[in-house]
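Scroll down for the structure; my scribbles are underneath it.
Number of protein chains: 2
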Amino acid sequence: MTPIITAFERSPDRGAGLARDMRVRWALEEVGQPYEVRLLSFKAMKEPAHLALHPFGQIPTYEEGDLTLFESGAIVFHIAERHAGLLPEDENGRARAVAWMFAALNTVEPPIFDRNLAKILERDEPWYEQRLQALEESIRKRLDGLSGHLGNADWLDGAFSAGDLLMVSVLLRLKKSSDILDEYPNLSAYVARGEARAAYKRAFEAQLAVFTAASAD
Amino acid sequence: MTPIITAFERSPDRGAGLARDMRVRWALEEVGQPYEVRLLSFKAMKEPAHLALHPFGQIPTYEEGDLTLFESGAIVFHIAERHAGLLPEDENGRARAVAWMFAALNTVEPPIFDRNLAKILERDEPWYEQRLQALEESIRKRLDGLSGHLGNADWLDGAFSAGDLLMVSVLLRLKKSSDILDEYPNLSAYVARGEARAAYKRAFEAQLAVFTAASAD
């Protein structure tokens, strides 16, 4: 059964690949699972039909037969559990990959997301510079820990996993909006390795094509 | 093999049960798994021995034989996978419980955590009131969605699961620092149901005993 995911009809990032459907597309491409996409306007995202699938009125969702999921982390995990390629075979390695999934979304993403949000919502406020500085200090603390762990390795824990997929996705949000990542050469190279994967490229092109088509209308 | 978790030697919340070891203690109590606790000073958390277990120098960690984990979400999931009581038996229900785990940590917790942080770090700043208001608006948006989904049900998706355990833990952080939760009677009752569980009470008493003993020294 072909799963159906939801995505923005017109992504606010203008096809930069930062919307959260990108993570799910990437995971599906890594495991070679075809999928369909249902596009949603901002209005449709807040209507009852979509709220029944996603209590917080966001994208992406994932529908497969009688299963409906939301939260990109949970969707990526579901895909990783049911197909080979995104989680190690051994139990301990698998548990550690899950730890990196949570680390990406609960420890590394929040200050990066907040910085991008502040850049939009607070840029004309008198406190903007000071707030940005505080957020960047939080980001650097996280990157210090991540960079120290990664060292010279290619991926966070052995082979590429769903943990790397989410961590690279989160760091791309930083890369596309600041120079902070450049201060950490091993993390820059790590993100570049993620972007160089064939599955990443296919997913990126697919989401870009949606934005390009919407802009041509 | 008895797992060993780490916790604050002297919790900054003074035993209110908001430190993230509480979630792990609660999960272990729900499944009836005995555990040991290694207490850490703030200094020890940033030393190489602990950084080898937790790249971001935080608590909790989880050690069990040759497995070491960090990130409270991943540790709770590991416990839930290996013992009965925290995840439904059926595959779809299990995937949905995982979605609620990610929703608690990646969608509901960030604005609540940010508000508590702002109350400490930004309270003397000239923008404090405005910032607090913006954060509380974000929190209410999340609670609107959560409250709408929960309705009159006891738990988020059928029986109590690891998703509820993390969601109640996250909402407790709000309950203990503001009156916002009182605006949502069904969510207040939901949190109270979590706090009333015998496993929650045992976990709460255990973490409080650590703080009480440290204070008596």
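These protein sequences, in sequence, are chains S and U. All letters in the first sequence, in the order written, are residues 1 to 217 by UniProt numbering. All letters in the second sequence, in the order written, are residues 1 to 217 by UniProt numbering. Think of the CB as a built atom: it goes at the ideal place given N, C-alpha and C, for glycine as much as any other residue.
- Among the residues of chain S, those whose CB is under 7 Å from the CB of PHE56/U are THR107, ARG142 and GLY145, following chain order.
- Here LEU171/S carries a helix assignment [DSSP, helix/strand/coil].
- For ILE180/U against GLU109/U, the beta-carbon gap comes to about 14 Å, at or over 8 Å, which does not count as contact.
- Approximately 17 Å separates the beta-carbon atoms of GLY73/U and LEU53/U; this is outside 8 Å, ruling out the contact.
- In this structure, GLY163/S and LEU156/S form a Cβ contact; the two beta carbons are roughly 6 Å apart against a cut-off of 8 Å.
- Exposed is the label assigned to PHE42/S, since fewer than 16 other Cβ atoms lie within 10 Å of its Cβ.
- Nearest to ARG38/S by C-alpha distance, out of LEU18/S, ASP144/S, ASN186/S and THR61/S, is THR61/S.
- Counted as a single uninterrupted DSSP element, the stretch harbouring THR212/U is not any beta strand (DSSP E) but the alpha helix (DSSP H) occupying residues 198-216.
- For the pair of segments examined, the stretch 143-161 of chain U was found to touch the stretch 185-197 of chain U: the number of CB pairs separated by less than 8 Å reaches three.
- For the 8 Å CB-CB criterion, VAL31/U and ALA84/U form a contact.
- Look at PRO110/S: its C-beta is under 8 Å from a C-beta on chain U.
- In this structure ALA27/U touches VAL76/U by the C-beta definition: roughly 5 Å separates them, less than 8 Å.
- Look at ARG115/S here: in three-state DSSP terms it is helix.
- In the structure shown, GLU125/S adopts coil according to DSSP, grouped into three states.
- Taking the CA atoms as reference points, PRO48/S sits about 32 Å from ASN116/U.
- Beta bridge pairing from DSSP links ARG38/S with THR6/S.
- For LEU67/U, the residues of chain S that pass the 7 Å Cβ criterion are ASN92 and ALA95, in the order they occur in the chain.
- Rounded to whole angstroms, the separation of the alpha carbons of ARG193/S and ILE139/S is 21 Å.
- In summary, SER215/S is exposed, with fewer than 16 beta-carbon neighbours lying within 10 Å of its beta-carbon over all protein chains present.
- In chain order, GLU29 place their CB closer than 7 Å to the CB of ARG202/U, counting only its own chain and leaving out the 5 sequence neighbours on each side.
- Between ALA199/S and PRO88/S, the C-beta gap is not smaller than 8 Å, which leaves the two residues out of contact.
- Each residue's CA atom was taken as its position, placing ASP13/S and LYS119/S some 14 Å apart.
- LEU121/S is classed as exposed because its beta carbon has fewer than 16 other beta carbons within 10 Å across all chains shown.
- Distance from the CA atom of ILE112/S to the CA atom of ARG142/S, rounded to whole angstroms, is 10 Å.
- The shortest C-alpha to C-alpha distance from PHE70/U to any of ILE5/S, THR107/S, VAL191/S and ALA19/S is the one to THR107/S.
- With 16 or more other CB atoms across the displayed protein chains lying within 10 angstroms of its CB, ARG96/U is buried.
- For PHE70/S, the secondary structure class from DSSP, reduced to helix, strand or coil, is strand.
- Shown here for GLY15/S: same chain residues with a beta carbon closer than 7 Å to its own, the five before and five after excluded, namely GLN207, LEU208, PHE211 and THR212 in chain order.
- Taking the C-beta atoms as reference points, MET1/U is found nearer than 8 Å to GLY65/U.
- Residue burial is scored here from C-beta neighbours: PRO3/U has at least 16 other C-beta atoms within 10 angstroms and is therefore classed as buried.
- Taking C-beta atoms as the reference points, ILE59/U and LEU86/U fail to come closer than 8 Å.
- Here the alpha carbon of ARG123/U sits roughly 35 Å from the alpha carbon of ARG197/U.
- LEU171/U is the residue among PHE56/U, LEU171/U and PRO55/U whose C-alpha sits nearest the C-alpha of ALA103/U.
- From the beta-carbon of ASP114/U, the residues of chain S found nearer than 9 Å are PRO110 and ASP114.
- DSSP places TYR62/S outside any alpha helix (DSSP H); the residue lies instead in the beta strand (DSSP E), whose first and last residues are 61-64.
- When 7 Å is used as the limit between beta carbons, GLU125/U is near these residues of chain S: TRP127, in chain order.
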